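Residue numbers (numbering that gives the first Met the number 0), protein chains in the order written: chain A, 0 to 362; chain B, 0 to 362; chain C, 0 to 362; chain D, 0 to 362.
By construction, the Cβ of each residue, glycine as well, lies at the ideal position given by its N, Cα and C atoms.
Quick caveat: nothing in here was measured; it's all calculated off a predicted structure.
Here is the structure we will look at.
Protein chains: 4
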Amino acid sequence: MSSSFGQHLRLSIFGQSHGEGLGVTIDGFPAGMAIDTERLLAEMARRAPGQSALTTARKEPDAPEFLSGVLNGRTTGQPICAVIRNTNQRSRDYGDGVDLVRPGHADYTGHVRYFGFEDWRGGGSFSGRLTAPVVLAGALCSQWLEKQGVRIACHVQQLGSVRDSSFMDADPCADYSHLKAMHLPVLTAGLDAQMEAAAMEARNDADSIGGVLECMITGLPAGLGAPFFDSVESVVSQLMFSVPAVKGIEFGAGFGFASMRGSEANDAFRMQDGKVVTETNHSGGVNGGITNGMPVVFRCVIRPTPSIGKPQQTVSLKSGTEEELVIHGRHDPCILPRAVPVIEAMAAIAVMELWKERAACLT
Amino acid sequence: MSSSFGQHLRLSIFGQSHGEGLGVTIDGFPAGMAIDTERLLAEMARRAPGQSALTTARKEPDAPEFLSGVLNGRTTGQPICAVIRNTNQRSRDYGDGVDLVRPGHADYTGHVRYFGFEDWRGGGSFSGRLTAPVVLAGALCSQWLEKQGVRIACHVQQLGSVRDSSFMDADPCADYSHLKAMHLPVLTAGLDAQMEAAAMEARNDADSIGGVLECMITGLPAGLGAPFFDSVESVVSQLMFSVPAVKGIEFGAGFGFASMRGSEANDAFRMQDGKVVTETNHSGGVNGGITNGMPVVFRCVIRPTPSIGKPQQTVSLKSGTEEELVIHGRHDPCILPRAVPVIEAMAAIAVMELWKERAACLT
Amino acid sequence: MSSSFGQHLRLSIFGQSHGEGLGVTIDGFPAGMAIDTERLLAEMARRAPGQSALTTARKEPDAPEFLSGVLNGRTTGQPICAVIRNTNQRSRDYGDGVDLVRPGHADYTGHVRYFGFEDWRGGGSFSGRLTAPVVLAGALCSQWLEKQGVRIACHVQQLGSVRDSSFMDADPCADYSHLKAMHLPVLTAGLDAQMEAAAMEARNDADSIGGVLECMITGLPAGLGAPFFDSVESVVSQLMFSVPAVKGIEFGAGFGFASMRGSEANDAFRMQDGKVVTETNHSGGVNGGITNGMPVVFRCVIRPTPSIGKPQQTVSLKSGTEEELVIHGRHDPCILPRAVPVIEAMAAIAVMELWKERAACLT
Amino acid sequence: MSSSFGQHLRLSIFGQSHGEGLGVTIDGFPAGMAIDTERLLAEMARRAPGQSALTTARKEPDAPEFLSGVLNGRTTGQPICAVIRNTNQRSRDYGDGVDLVRPGHADYTGHVRYFGFEDWRGGGSFSGRLTAPVVLAGALCSQWLEKQGVRIACHVQQLGSVRDSSFMDADPCADYSHLKAMHLPVLTAGLDAQMEAAAMEARNDADSIGGVLECMITGLPAGLGAPFFDSVESVVSQLMFSVPAVKGIEFGAGFGFASMRGSEANDAFRMQDGKVVTETNHSGGVNGGITNGMPVVFRCVIRPTPSIGKPQQTVSLKSGTEEELVIHGRHDPCILPRAVPVIEAMAAIAVMELWKERAACLT
């Protein structure tokens, strides 16, 4: 099963890059929420291409249509289905069947998986375009979670060799909503220009570049999640690794734990306003798979976009020969700006699932 | 839901550290496999405490009893249940109810999650002891997968500041079975002694130390997994983050992708003996969530054991006051040796689930 | 969760009667099947209204559009999404919000379930119109199963007091494809006219009438299903009770078992052409939850359509008073003809799920 | 998957009739419930054999042991595992491998399903003995649901040709707890003696006899369940068909709907003490898959026990020849008395799952 997630909030995404359309069904979304359509479209616009020189010039009008589950602008509690039509496929760019498989892409693995019957055009099911319905679903969840006091922020913590500071060292009570307005959201003023320069350099080399996104979720109550298979980290990571290009995730001090002593790593408990809090937050807000009320902080590494202009070595599936491949057309030299809202959306979906699971225990 | 995993192979683990017993039910395991009990017990012994100065001296006789699903030494295809009894609970060590919550542990979050009714003794459901049934289930999966040509190897890639080389630079066709016999399995001869010294140093400081485990799965066919929610990385990471102490995971080049260019990161395809292979394996054997036939390589960071001898600051749940806590008794200064078979077991469970999902497509 | 089914074949249906559209996503459908569109539309036409005096005159153009999962007329193995747009909603018939709840309908329970936010128009999520995507999904499954030799037939076994003979007494090897062409499919020639007369009589009384549908699935291998929660009967019944109006189901001798002795009820085994078969088929093709290779036979009772022209007693949700309700407009006096393809579709979906589950065991 | 049920309350049962033991894991059970052990054991005793001449004389000491999830007599919220050991297997009665498959049993289908590796002894996974852990799980759920005001009652509505009156015609507010103390619970005084006579007659003929059980659940709030795949009827029927011997189920008027007009079938709404109720309850408490606050009433048909003393025709799996089979030993001529607590238990499990699903919506 590739396209379904969740036990309490159940998502099913569908679509291929160059098919008729793509979308998402959401089962279990709470009834009665007034949808802020303007903000929903704003989120989707952050993910859409064509925003700057860093991202591909293809123009995808990501206007979703709600086929069900919404009445008079409010969620009804019934299954939501939202569809985004593909209007600009240009499949003439893509030839007749997969032949030269693109390195770093899923052309080859998709071909094996689907026995050669897959819709390969433009990446098919593997296209980053499939993240459009994810952003839509996440934006709905975010709007609901905001009413519960939950906030989700994300910034580019690293792009190539340029590194931003970390939410680990930032004030969790500060307002980070300004990050949403930045093309390359960073905590350190001016660093986005350096990042942009690094990305442009890659672009000028007909190349691409990777980075790290850091996400912080605040306002969570203690008690979400569970030990073992449905730990907060398990649920979040399952979703994050669904995002094409994510190849690693770490929570709190993450890989830094490897060289730490227990006495450094442990977060001492103390009381604050009658509430149990921790002095530090190396655990990233999660102990034993369960939220402890501190901010949940995690970082995802984003591999450089595999679509590059440089010639590459590959094979022909049709002839079984080794060939040189040159990918034409314009592609994102750096996918990070567009990945930010996707990571935020997946975070919101994860929290919603955990929230509903918790609610079932509160009876 | 905390204790259930899988759609095609379904596991349910149960037990608390100091209850009557713990165990696992496994539904969907193939019929007819002769169980190699000796090797099964050997795997469980690798996880058990008391093997060396690095690990706690508590002696847990982890002898599993199969209550169902096995007849004449073979799996029957019916649900397997295996139970490990707790014989050495010593609950007198643990006092009456959680009061001073241990930093880095799940005492506090478990208390919130279970409304104060949880079996807190010895870590309850959060105890590393729960990994005993995981190792058992994984060993069964490994034995079955070996017959299909799949091999799983794991080594300590980092312990404190001591770093081993990587499977990324090793020969995937080599035999790594000797690693299973090493207390601190490493690729570089002699490095285990350095690691042991670092761990002993932490121990002598009444402290603990973390590290990184690297795992490689070879012999996988291309085509396992799926894009999005059931990607190989999603399934593997969901399981790995179920292991207490794991706080990060990366596949292939992992966080190294952040500073790479696409032209470096992409794995060029070529033909080898009529088969499609890649020149490098930065993707860690997975493209678009699906295995490409190359070794699956991933690394997990293991935080330092939170149970340390040094005094720590914490709070009393009963009085709401801030207190100093000293944890008595002997604890593992370094959990890595015992975590190795757990990571291998989770890897085997993940592959088994993916394998069965694939089989359902081959009809 | 209301709208998702299956572990190996995963369906998610969406839509409300008077929303923008409805449809289904199908995850896990086999790759490479050429869709026979003509037969698919023929199945959907059987379910559509307006075929005769027995069924409502509303005209719903149930033309599905495949948004994903199909390329060049073949399934790709990727998630399928098919959408049917609502073009003829006439919501002016339905007023502003639920007030007088219709007896036998879900107006009241839906109001409670969705906290008053539900899309109540025309029955909302509860409308029989939701069975259109079910028929679509079932038709795809049927086409695939036919290639494996599976055949599904259904007839009206009872309508009011008119009773047809049973598949239990019929030749399972005969060809029953002619039933699909009959408006009221029956095994006994001429009985459909009697049934039609009974239905017209109810209609002339501004009333409706119920009945029983009997379904037979032939060509199944022995070994599908499992004891307990995923028994053939459990899977089939879960799906059948998803069909609005179904209030009972029985397999094989069904409720007739109550007055039977074991010596009558047991189906003696014998050999036929080297194959194990049973002399009788009181078990309806299932022993211990698993197919035994004989035809699976079951019957579903269909309650009379609750929408009738006669005045009825009900309450006003708005004022809390008791009121008389008269439902205007034209409604089916007998839903059985339109329910036949729905029952067949659900049967096909059930078998497909069981088939794939079995395939995962055959590795 | 044979042995797992539920999304919100997750059960996994395991065991074979003549293995070491059987049991159940329960994930998601509420924390903090004091278990009434005496009543739990009383429920299990109702299901146990050897209570009267009607049931087999085998003595199974069904004493469950809680391995986890219970502390100081209270549920902890953590996964519960309860084990019942098999102490009286007498596998010497059962010979070496399945050969002559018993008509009406799962010997043949189990052999196909598990490729000949199944634990066939005493029915293996298909044994009615597997209902012991079901009764245990159901008794826990019942105790919890009682605190919410839910009551579950069950009686023998038919045994052979002897018919009791129906809950449909009984006062739903009456106290039916006395039924639990009756060996053959009936609503009509004295009818149990007639039923017993009918069962003894079958026994004296070395035969068995079937019947119908009727179950009523009162005290349910309106709003449990959902349209389509998780309708109340879908959830209940999935569980009921897990009970060996159940071959049919009907809700409310059930198969009686077939000969009813809509005007008879519809349950008129009226107000009672400011609450919406229905005048009649033909719908059996469920509209559109959702509870309407009226009692949920359903009937299950129980086929006559297939184990009978009369000679039967069957085949030898080993030689492929047709043979006569005589089943020795003592068996229940009528399983209905022992099936009553199983049906009640399954009903409690169903309601618990629906209750928790509902709770997740109430956030």
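Within 8 Å, strictly: CB atoms of B/Val276 and B/Ile216: Here residue 276 of chain B refers to the residue found at position 277 when the second sequence is read from its first residue. Here residue 216 of chain B refers to the residue found at position 217 when the second sequence is read from its first residue. Against a cut-off of 8 Å, the Cβ pair of B/Ile216 and B/Val276 comes out as no contact.
Just to confirm, is the Cβ distance from B/Ile151 to B/Gly222 under 8 Å? One-based indexing of the second sequence puts residue 151 of chain B at position 152. One-based indexing of the second sequence puts residue 222 of chain B at position 223. No, they are not a contact pair.
Looking at chain B, is there any beta carbon in it that lies within less than 8 Å of the beta carbon of C/Trp354? Here residue 354 of chain C refers to the residue found at position 355 when the third sequence is read from its first residue. Closer than 8 Å: yes.
Residues in the segment 108-119 of chain B having any Cβ partner in chain A nearer than 8 Å: Thr108, Gly109, Val111, Arg112
Comparing C-alpha positions only, which one of A/His327, A/Phe13, A/Gln15, A/Pro340 sits nearest to A/Met181? Residue mapping note: residue 181 of chain A aligns to position 182 of the first sequence, counting from 1. Minimum Cα distance to A/Met181 is reached at A/Pro340.
Neighbour-count burial assignment, A/Thr108, 16 or more Cβ in a 10 Å radius: Numbered from 1 along the first sequence, position 109 holds the residue referred to as residue 108 of chain A. The residue in question, A/Thr108, is buried, as its Cβ has 16 or more Cβ neighbours within 10 Å.
Cβ-Cβ distance between D/Ala349 and D/Leu238 below 8 Å: Here residue 349 of chain D is taken as the residue at index 350 of the fourth sequence, counted from 1. Here residue 238 of chain D is taken as the residue at index 239 of the fourth sequence, counted from 1. Contact: yes.
For the beta strand (DSSP E) containing B/Leu66, name the first residue and the last one. Counting from one through the second sequence, the residue named residue 66 of chain B turns up at place 67. Residues 63-67.
Best match in D/Gly121, D/Ser165, D/Ile25 for proximity to D/Val97 [C-alpha to C-alpha]: Here residue 97 of chain D refers to the residue found at position 98 of the fourth sequence. Shortest Cα-Cα distance from D/Val97 to any of D/Gly121, D/Ser165, D/Ile25 involves D/Gly121.
Quick one: does D/Ala138 have its CB under 8 Å from some CB of chain A? As a first step, residue 138 of chain D is located in the fourth sequence; it is residue number 139 there, counting from the start. Chain A contact via Cβ: absent.
Segment limits, alpha helix (DSSP H) that includes C/Glu110: Your numbering for residue 110 of chain C matches position 111 in the third sequence. A small correction: the amino acid at residue 110 of chain C is His; Glu does not occupy that position in the sequence shown. Unbroken alpha helix (DSSP H) run through C/His110: 106-112.
Helix or strand or just coil, what does DSSP make of B/Val82? Reading the second sequence from its first residue, position 83 is the one you call residue 82 of chain B. Strand, per DSSP.
Using DSSP with H/G/I as helix, E/B as strand and the rest coil, what is D/Gln6? Working through the fourth sequence from its first residue, we reach residue 6 of chain D at position 7. Correct three-state label for D/Gln6: coil.
Chain-ordered residues of the segment 136-163 of chain A with a beta carbon less than 9 Å from chain D: Gln147
The ligand GDP heavy atoms versus the CB of A/Lys274: any closer than 7 Å? Among the ligands in the structure shown, none appear at all, so the ligand GDP cannot be discussed.
Give the secondary structure of A/Arg101 by DSSP, where H, G and I count as helix, E and B as strand, and everything else as coil. In the first sequence, the residue the question calls residue 101 of chain A occupies position 102. DSSP places A/Arg101 in coil when its eight states are reduced to three.
First through last residue of the alpha helix (DSSP H) which encompasses D/Lys179: Taking the fourth sequence and counting its residues from 1, the one referred to as residue 179 of chain D is at position 180. Element bounds for D/Lys179: n/a, residue is neither H nor E.
Spatially closest choice to B/Gln311 from A/Leu10, A/Asn265, A/Ser207, by CA coordinates: Along the second sequence, read from residue 1 onward, the residue named residue 311 of chain B stands at position 312. The candidate whose alpha carbon is nearest that of B/Gln311 is A/Asn265.
Assuming D/Arg73 and B/Phe240 are in contact, meaning their beta carbons sit under 8 Å apart, how far apart are those beta carbons, in whole angstroms? Along the fourth sequence, one-based indexing puts residue 73 of chain D at 74. Along the second sequence, one-based indexing puts residue 240 of chain B at 241. Between B/Phe240 and D/Arg73 the Cβ distance is about 30 Å, and since that is not below 8 Å, they are no contact.
Give every residue of the same chain whose Cβ lies closer than 7 Å to the Cβ of B/Phe256, excluding the five residues on either side of it in the sequence, and list them in chain order. Start at 1 with the first residue of the second sequence, and residue 256 of chain B comes out as number 257. Ala264.
Around the Cβ of B/His177, are there at least 16 other Cβ atoms within 10 angstroms (buried) or fewer (exposed)? Locating residue 177 of chain B in the second sequence gives position 178, where the first residue counts as 1. The residue in question, B/His177, is exposed, as its Cβ has fewer than 16 Cβ neighbours within 10 Å.
N- and C-terminal bounds of the alpha helix (DSSP H) containing A/Met270: Taking the first residue of the first sequence as position 1, residue 270 of chain A is located at position 271. Counting along the chain, A/Met270 falls outside any alpha helix (DSSP H), though it belongs to the beta strand (DSSP E) covering 268-271.
Which residues does DSSP pair with B/Gly247 in a beta bridge? The residue labelled residue 247 of chain B in the question sits at position 248 within the second sequence. A/Glu249, B/Val300, per the DSSP bridge assignment.
What are the residues of the segment 264-276 of chain C that lie near chain D, defined by any Cβ-Cβ distance shorter than 8 Å? Ala264, Asn265, Asp266, Ala267, Phe268, Arg269, Met270, Gly273, Val275
If you scan the segment 150-213 of chain B from start to end, which runs of the alpha helix (DSSP H) of 4 or more residues do you find wholly inside it? Those alpha helix (DSSP H) runs which fall completely within the segment 150-213 of chain B and span 4+ residues are 190-203.
Quick one: which chain A residues come within Cβ less than 9 Å of D/Gln237? What you label residue 237 of chain D is simply residue 238 of the fourth sequence in a count that begins at 1. In chain order: nothing, as chain A lies at least about 17 Å away.
Tell me the rounded alpha-carbon separation between A/Met259 and B/Arg302. By 1-based counting over the first sequence, the position of residue 259 of chain A is 260. By 1-based counting over the second sequence, the position of residue 302 of chain B is 303. Looking at the two C-alpha atoms, the distance is approximately 8 Å.
Since C/Asp118 contacts A/Thr75 with CB under 8 Å, what's their CB separation in whole angstroms? Position 119 of the third sequence, counting from 1, holds the residue named residue 118 of chain C. Position 76 of the first sequence, counting from 1, holds the residue named residue 75 of chain A. Yes, C/Asp118 and A/Thr75 are in contact; Cβ-Cβ is about 5 Å, under 8 Å.
Would you mind stating whether C/Met167 and C/Leu183 have Cβ atoms separated by less than 8 Å? Start at 1 with the first residue of the third sequence, and residue 167 of chain C comes out as number 168. Start at 1 with the first residue of the third sequence, and residue 183 of chain C comes out as number 184. Cβ atoms of C/Met167 and C/Leu183: not closer than 8 Å.
For the beta strand (DSSP E) that contains C/Leu21, what are its first and last residues? On the third sequence, residue 21 of chain C is found 22 positions in, with the first residue counted as 1. Start and end: 20-26.
Grouping DSSP H, G and I as helix and E and B as strand, with all else coil, what is B/Leu259? Position 260 of the second sequence, counting from 1, holds the residue named residue 259 of chain B. Checking the sequence shown, residue 259 of chain B turns out to be Met, not Leu. B/Met259: coil per DSSP, three-state reduction.
Taking 8 Å as the threshold (C-beta atoms), are B/Ser1 and D/Pro78 in contact? Residue mapping note: residue 78 of chain D aligns to position 79 of the fourth sequence, counting from 1. Residue mapping note: residue 1 of chain B aligns to position 2 of the second sequence, counting from 1. Contact flag set, yes.
Would you list, in chain order, the members of the segment 295-319 of chain B that have their beta-carbon closer than 9 Å to a beta-carbon of chain A? Under the 9 Å Cβ criterion, the segment 295-319 of chain B contributes Phe297, Arg298, Val300, Ile301, Arg302, Pro303, Thr304, Pro305, Ser306, Ile307, Lys309, Gln311, Gln312, Thr313, Val314, Leu316, Gly319.
Please determine, among A/Thr320, A/Gly18, A/Ser164, A/Val134, the residue with the shortest C-alpha to C-alpha distance to A/Arg45. For the purposes of this step, residue 45 of chain A is taken as the residue at position 46 of the first sequence. Nearest to A/Arg45 by C-alpha distance, out of A/Thr320, A/Gly18, A/Ser164, A/Val134, is A/Val134.
Give the residues of chain E in contact with C/Arg73, contact being defined as C-beta atoms less than 8 Å apart. Structure shown: chain E not included; protein chains present are A, B, C and D.
In terms of alpha-carbon separation, which member of B/Ala105, B/Phe13, B/Asn203, B/Gly224 lies closest to B/Glu352? As a position in the second sequence, residue 352 of chain B is number 353, starting the count at 1. Checked all of B/Ala105, B/Phe13, B/Asn203, B/Gly224; the closest Cα to B/Glu352 is B/Gly224.
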